[in-house]
Amino acid sequence: MSQYPMTAHGAQMLRDELNELKTKTRPRIIESIAEAREHGDLKENAEYHAAREQQSFCEGRIQDIEGKLSNAQIIDVTKMENTGKVIFGTTVTILNVDTEEETTYRIVGDDEADIKNNLISVNSPIARGLIGKELDDTVTIQTPAGSVEVEIIEVEYI
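Residue numbering for the sequence shown follows the UniProt record's numbering, beginning at 1 and increasing consecutively.
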């Protein structure tokens, strides 16, 4: 099986969600199913069917998280020396050469990506263009909207 990169923070978030599902959500759903069974005829019992559907979703999510964690290659950049090189897990501040606009991104795994919080997937066009580059490099990044020229003005290993 191939391994997928994940930050230490992303792995901890998945572990927390898994713990929540196993210790709180699953027992609550089991209790709902037992209560719905007490109401009688299961064929026409909407509460029972809704609880079973919730259980199915919960168990699927538990399996999904366990699979992701078992195949995760957890990378903690805080334990690495900052060489100024852009790698997985680094926080990069770039300056758009044309618009003079600064943007800060953190390069994370696919499951952690959230553009609203400036967390971009390692497989995104921007991250692929930045990986391997160094502080003060000027890079032309191919995005779906066209070519963008940016300068790397800060690389943090946080």
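Glycine included, every Cβ here is placed at the ideal spot set by N, Cα and C.
Please read all numbers here as calculations on a predicted model, not as lab measurements.
Within the same chain, E149 come within 7 Å of D98 by CB-CB distance, once the 5 residues on both sides are set aside. Closest option to G129, judged by alpha-carbon separation, among S121, T140, I120, L119: T140.
The three-state secondary structure of I126, taken from DSSP, is helix.
In the DSSP annotation of this structure, the continuous segment of the beta strand (DSSP E) that includes P5 starts and ends at 4-7.
Per the coordinates, the alpha-carbon of H39 lies some 16 Å from the alpha-carbon of I29. Contact between Q55 and I33 holds, with the beta-carbon distance rounding to 7 Å and staying under 8 Å. Following the DSSP letters along the chain, one finds A113 in no alpha helix (DSSP H), marked with neither H nor E.
The alpha-carbon of G67 is positioned some 12 Å away from that of S2.
Rounded to whole angstroms, the gap between the alpha carbons of H9 and E154 is 21 Å. The C-alpha of I126 lies about 31 Å from the C-alpha of Q63.
Taking L69 as the centre and dropping the five residues before and after it, the same chain places the C-beta of A11, L14, R15, L18 closer than 8 Å to its C-beta, in chain order.
For E156, DSSP records a beta bridge to T91.
L95 places its beta carbon 9 Å or farther from that of C58.
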